[in-house]
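Engineer: So in the working numbering, spot 52 of the sequence shown is number 222, and the numbers just go up one at a time. Let me begin by handing over the structure; questions about it come next.
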Amino acid sequence: MPDAQELERAIKLLRLGEVVAIPTETVYGLAARIDMPRAVEKIFTTKERPFFDPLIVHVSHVDQAMKLTTEWGAIAQTLGEAFWPGPLTMVLPKSEEVSSVITAGLDTVGLRMPSHPLALELIDQLGIPLAAPSANKFGKTSPTSAFHVWQEFEKENVFILDGGECDIGIESTVVLVKQKTNELAILRRGYVLQADMEDALKSRGLDFKFVTAVSKKESPGHLKHHYMPAIPLVVSEKTEMTHAEVLIRTNTELVNLPNEIEGIKIVKPEGGIRTLAVLQLADDPVVAAREFYGELRRLAESGQDGILFYRQPIQTGELWEALFDRMYKAASLILS
Ligand code: TXA
Ligand code: MG
C-alpha cells in the first residue's frame with residue numbers, strides 16, 4: 171500500500187493535467203481529471219484507444235454524479251444506494267459538465283463510484299471526478315495489479331498508485347438506464363448481476379423492464395476482440411477433444427484468420443503453435459474472475475506458444491457468463 175506521499179504525488183500530477191494509473195476494486199484505471207479535455211485526450215493517446223470508445227467517469231459522492239447527468243431519477247437513485255460504491259456503471263444522459271471527448275460524442279455518460287478506498291480518497295481529495303478506462307493498451311488484457319500496469323505503460327512512464335491486487339478482477343457491470351421509459355439494458359456484464367438489480371428495484375416497488383436490444387450507437391465499445399493476451403488463447407467447448415486434436419485444429423484455423431480485426435492485431439506465432447499452456451480456473455466464479463486476467467498474463471510469459479482453456483459444462487450462471495464475455499473476446503479461436 172502506498173504512503174501518504176504517493177497519494178499526494180498522484181493528486182499533484184492529476185491537478186497538473188497528467189494521467190495517473192489508479193487502483194479500483196475491478197481493474198486498474200488510467201485516470202485524468204474530467205474538467206481538462208487535454209488531460210482526457212492523453213488517456214486516449216497513452217492507451218492508443220480510438221476516440222469512438224467512451225470513458226467511464228468515477229465519482230466519490232453521489233452529489234458529483236447528480237451534477238454529471240440531467241436525469242438522476244428513481245432507478246439511478248435506487249441502484250446507486252444499493253451498489254455504490256461498487257462495480258456498477260450507470261449510463262445516463264450527460265449534463266453540460268461532461269465534455270464530449272469523454273463520451274465520444276454520445277449524449278450519455280457512464281458513471282461509477284468505485285469502492286477501492288484509495289480511489290475514493292484520491293477523488294475526494296482532488297475534488298474533481300476522474301475519467302478512467304482500464305489501464306491497458308487498447309485491445310489488451312486488463313490489469314489487476316500495479317505490476318500489470320507497469321508492464322503496459324513502462325515506456326510511457328505512467329505514475330502508478332499501487333493499491334494491491336484488485337478484489338473483483340473483471341470490469342464493472344455497465345447498465346444503460348432510461349428513466350423516461352423505465353427501461354434498463356446491460357451493455358457489459360460484470361459482478362453486479364441483473365438479478366441483484368431486479369431485487370433492489372423491486373424492493374422499492376419501482377416499475378422497470380430489462381431490455382436486450384441496444385444499438386451499436388448506444389454501445390460503441392462492443393468489438394469482436396478485446397482483452398487479448400500476448401500469445402493466442404484458444405477456448406475449447408469440447409472437453410473430450412484431446413490436446414493433440416486442439417493443436418491440429420488451432421494451426422489449421424489460425425492461419426486463416428485476418429491479421430487484424432477492427433484495429434486489433436491477431437497474434438500468429440511464427441512457426442505455428444507447438445505447445446499450449448492450459449489455463450485452469452477455480453470452480454467458484456468469484457475466485458475465477460479475480461484470477462482470470464492475471465493468469466492470462468502469467469501464461470503468456472510461460473514460454474509456450476499459446477493458451478488453452480477447456481470450458482466445462484458446469485460453468486453456468488450470470489457471473490460465469492460475465493467472465494466468458496471477456497474470455498471469448500480475448501480468444502483468437504473458439505473450438506466448438
Ligand atoms: O470496472 C471498470 O469499469 C473499469 C474501472 C477502471 O472502473 N473501467 C473500464 O473502462 O472497464 P473501459 O473504458 O475499459 O470500459 C468501459 C466500457 C467501454 O466498453 C465503453 O464503451 C463503455 O464502458 N461505456 C462508457 N461510457 C459509455 C456510454 N456513455 N455509453 C455506452 N457505453 C459506454
Ligand atoms: Mg477496457
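Backbone N, C-alpha and C define an ideal beta-carbon position, used for all residues, glycine too. If you're wondering where the values come from, they're calculated on a predicted model, not measured in any experiment.
To the nearest angstrom, how far is it from the Cα of T215 to the Cα of G375?
Structural biologist: Cα to Cα, the separation comes out at about 45 angstroms.
Engineer: Is the segment 297–312 close to the segment 208–222, with three or more CB pairs under 8 angstroms?
Structural biologist: Segments in contact, yes.
Engineer: Within the continuous beta strand (DSSP E) that includes I245, where are the two ends?
Structural biologist: Run containing I245: none in the beta strand (DSSP E); it sits in the alpha helix (DSSP H), A244 to F253.
Engineer: Which runs of the alpha helix (DSSP H) fall wholly inside the segment 332–404 and span at least 4 residues, in chain order?
Structural biologist: Taking only runs of at least 4 residues, the alpha helix (DSSP H) segments lying wholly in the segment 332–404 are 364–373.
Engineer: Give me whichever residues DSSP pairs with F479 in a beta bridge.
Structural biologist: V405.
Engineer: Considering T196, what are the terminal residues of the beta strand (DSSP E) in which it resides?
Structural biologist: Neither: T196 is in no beta strand (DSSP E) and is coded neither H nor E.
Engineer: Cβ of D223 within 7 angstroms of any heavy atom in the ligand HEM?
Structural biologist: Annotation note on the ligand HEM: not contained in the displayed structure, which lists the ligand TXA and the ligand MG as its ligands.
Engineer: Helix, strand or coil for K438, going by three-state DSSP, please let me know.
Structural biologist: It is coil, neither helix nor strand.
Engineer: Going residue by residue through the segment 276–300, where are the continuous alpha helix (DSSP H) segments of at least 4 residues, counting only ones entirely within it?
Structural biologist: Listed in chain order, they are 287–296.
Engineer: Can you name the residues that DSSP bridges to I330?
Structural biologist: In DSSP, I330 forms a bridge with A191.
Engineer: Determine the direct distance from the alpha carbon of L200 to that of E188, and round the result to whole angstroms.
Structural biologist: About 10 angstroms.
Engineer: Please determine, among L393, L427, V437 and G333, the residue with the shortest C-alpha to C-alpha distance to R496.
Structural biologist: When only C-alpha atoms are compared, the closest one is L393.
Engineer: Hey, could you find the ends of the alpha helix (DSSP H) L493 is sitting in?
Structural biologist: Residues E488 to A500.
Engineer: Give a yes or no on whether the C-beta atoms belonging to V197 and P313 are separated by under 8 angstroms.
Structural biologist: Yes, the Cβ-Cβ distance between V197 and P313 is below 8 angstroms.
Engineer: Only counting the same chain, and skipping five residues up and downstream in sequence, which positions put a Cβ closer than 7 angstroms to that of E241?
Structural biologist: Same-chain partners within the cutoff: L262, P263 and Q349.
Engineer: May I ask whether a heavy atom of the ligand MG can be found less than 7 angstroms away from the beta carbon of E341?
Structural biologist: True, at least one ligand heavy atom lies under 7 angstroms from that Cβ.
Engineer: State the Cα-Cα distance for the pair T148 and A274, rounded to the nearest angstrom.
Structural biologist: Limits of the chain in this structure are 171 at one end and 506 at the other, which puts residue 148 out of reach.
Engineer: Please return the same chain residues whose Cβ sits closer than 7 angstroms to the Cβ of N111, not counting the five positions on each side in sequence.
Structural biologist: Since the first and last residues shown for the chain are 171 and 506, residue 111 lies out of range.
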